[in-house]
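Numbering (this note's numbering), first residue to last: 144 to 818.
Virtual Cβ for every residue (Gly too), placed ideally from N, Cα, C.
Encoded as structure tokens, the structure appears first; notes follow it.
Laid out in structure tokens, this is it:
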């Protein structure tokens, strides 16, 4: 039943505008319906509605963030809309530092994507539909971020997946695009089975509640058995593996590049793929205890994250499609975020999510600008574009340096905190893999820049700078890519992000995540590794000064086999598509068909034949000879009786009088003889 009453808890005297945070997802949700029903009648095809709604949400997000920084007022408010005894289902909002940060990231990146798309998608046959889906995508992610309970979070989680399916397959007329959308949908749904089972497990383990703070509290206070927590954490992490593209469920993300480039930017920077990282950060108490993160060493989440970092970075080296290079980069960087959370560096993981959103959105929109100019995704058909596209070139280089972790850009500060957390948390293998990944990141991104913007133009069109609707968002994204990391520049004693965004569970005072001081040696080492990666890329792809003995080395021996392995993407697509899907479509489908035809249909046919025999027996024997025989016999008897009666009932009065006197005579004789 619906209840008018509101149950609210505000952990501060003055929550201010944060109590109105529910408006932030509501505005783009309303925009979705406006565009869907009236978009084609609007002057800009509905784009103006999306931009206005997301712009208003961004402004509200900034106010909520300022309010949080000023007051640190946690708002935990929910409305009960159905209950059965003590069991309640609620919809609510939980606003803290993590929520405020995610609001700013999602709305800002989405606003840039909306503005950019007015130029990139101009003239598209489904222009209005695109902006409607974009608004719903943004609203779904914001709704998930706002959730105070796992059930509501799952609703937002699934809506994000639905929107990604709609947008990846936007140009569904081409089979590759529709196949990519289906691949993304089914792969992430595979992980979502684990998510749903994990939520169910935690619901029953945590006194029949979906409330996130309550679940975290019970987990950290050991009120939930360790075995159940392990099961819950593993099941939830299956959902994270699908959504945040962790090995081996990362295979959908590169294919998702089939969608329009603005969609790729939104998916990779602020919505779909960071949803899994956000889930781990939000329900961290379960993962902390379930994976025994404090103990150090090896845990399943850290192992998967470490593998993801390296294998995705390696795959970026053999891609010709510029968007696929960035896609594998995203997979690798998601590995860094999950790795940070898996080693206890909660702030580092969330901080990297924050900084990565800006420069990865910048890189994707920059790649879209290039594609828009040369009408090709392939870097082999680019080259020399820096003189034709100066704004795109400069902003793309800024994004590259930030991603590579070059001082003092944003990526340097967040990457350094991850490595520091791994070293101090007792996870040396994550530190080593992180440094190797840093070298590889700088190297493949250097390759991307040199092949795209340097040398001679190798394409067939006439490259040109993109319109202002596309370049202005690039400039606006380049600004935080340069300077946003300074809000947590621990080398200079600045730790604002650490103070503003922290994992906190009410009434669990003994739990505190350790904060690590800046380590200049490690920072210099990581910076040196990144510079070495850029230098290697320059040597190979710019100066082309590769030693003669190394030229063509990838076409010989073991390196040739490694190159083939990378081109085939570790044969994982063959395993899943040809193996699992092929098995389902082939032998399993044939076996199912045979079972259906021979067994199920055989049983049904046998039952049908038996029913016919029983029916015939019932008709011939029971009905015709039994029931009808009895009825007919009664009829014959009645007919014969009726014949006798016809003789008696003749209608002649004289006959009746004779019978009357005869009866009286017989009665008199009876009285004489029997009395």
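Query                                                                                                                           : Result
Boundaries (first-last residue) of the alpha helix (DSSP H) holding residue 238                                                 : Per DSSP, residue 238 belongs to no alpha helix (DSSP H); it is in the beta strand (DSSP E), 230 to 238.
Local Cβ density within 10 Å of residue 775, reported as buried at 16 or more and exposed below that                            : exposed
Paired residues, beta bridge with residue 354 - DSSP                                                                            : 292
Contact the region 274 to 288 vs the region 536 to 548: 3+ CB pairs below 8 Å                                                   : no
Residue closest to residue 455, alpha-carbon to alpha-carbon, out of 688, 214, 393                                              : 393
Beta-carbon gap between residue 196 and residue 166 smaller than 8 Å                                                            : no
Buried/exposed call for residue 370, threshold 16 Cβ in 10 Å                                                                    : exposed
Pairwise C-alpha distance: residue 220 and residue 168                                                                          : 15 Å
Inter-residue spacing [alpha-carbon to alpha-carbon] between residue 160 and residue 206                                        : 7 Å
Cut-off 6 Å between Cβ atoms - residues of its own chain near residue 302, not counting five sequence neighbours on either side : 283
Counted within 10 angstroms of its Cβ, other Cβ atoms place residue 760 as buried (16 or more) or exposed                       : exposed
Exposed unless 16 or more other CB atoms sit within 10 angstroms - verdict on residue 812                                       : exposed
Residues of its chain near residue 437, where Cβ-Cβ distance is below 8 Å and the 5 sequence neighbours each way are ignored    : 431, 487
Segment contact, 8 Å Cβ cut-off, at least three pairs: the region 380 to 388 with the region 466 to 485                         : yes
Neighbourhood of residue 326 by C-beta, 7 Å cutoff - its chain only, sequence neighbours within 5 removed                       : 395, 398
C-alpha gap between residue 529 and residue 685, whole angstroms                                                                : 14 Å
Where the alpha helix (DSSP H) containing residue 712 begins and where it ends                                                  : Segment: none, residue 712 is in no alpha helix (DSSP H) and carries neither H nor E.
Nonlocal neighbours in the same chain, by C-beta distance under 6 Å from residue 239, ignoring five residues either side        : 217
Helix, strand or coil at residue 155 [DSSP, three-state]                                                                        : Here residue 155 scores only 43 on pLDDT, less than 50, and its place in the model should not be relied on; the value that follows carries that caveat. If DSSP states are grouped into helix, strand and coil, residue 155 belongs with coil.
Distance, residue 511 Cα to residue 602 Cα                                                                                      : 16 Å
Where residue 440 falls, given that 16 or more other Cβ within 10 Å makes a residue buried                                      : exposed
Residue 751 versus residue 738 - alpha carbon distance                                                                          : 18 Å
Sequence-distant residues of the same chain with beta carbon closer than 6 Å to residue 504, five excluded per side             : 252, 408, 412, 620
Residue 618: first and last residue of the uninterrupted alpha helix (DSSP H) it sits in                                        : 611 to 626
C-alpha gap between residue 189 and residue 257, whole angstroms                                                                : 11 Å
Per-residue DSSP class, three states only, for residue 359                                                                      : helix
Three or more C-beta pairs below 8 Å linking the region 219 to 236 and the region 291 to 301                                    : yes
Cβ shell of residue 709 (< 8 Å), same chain only, five flanking positions each side left out                                    : 457, 458, 460, 461
Delimiting residues of the alpha helix (DSSP H) encompassing residue 425                                                        : 417 to 425
Residues that DSSP places opposite residue 464 in a beta bridge                                                                 : 521
Rounded C-alpha distance that separates residue 214 from residue 643                                                            : 10 Å
Extent of the continuous alpha helix (DSSP H) to which residue 411 belongs                                                      : 404 to 412
Residue 636 versus residue 565 - alpha carbon distance                                                                          : 21 Å
Secondary structure of residue 442, DSSP reduced to three states                                                                : coil
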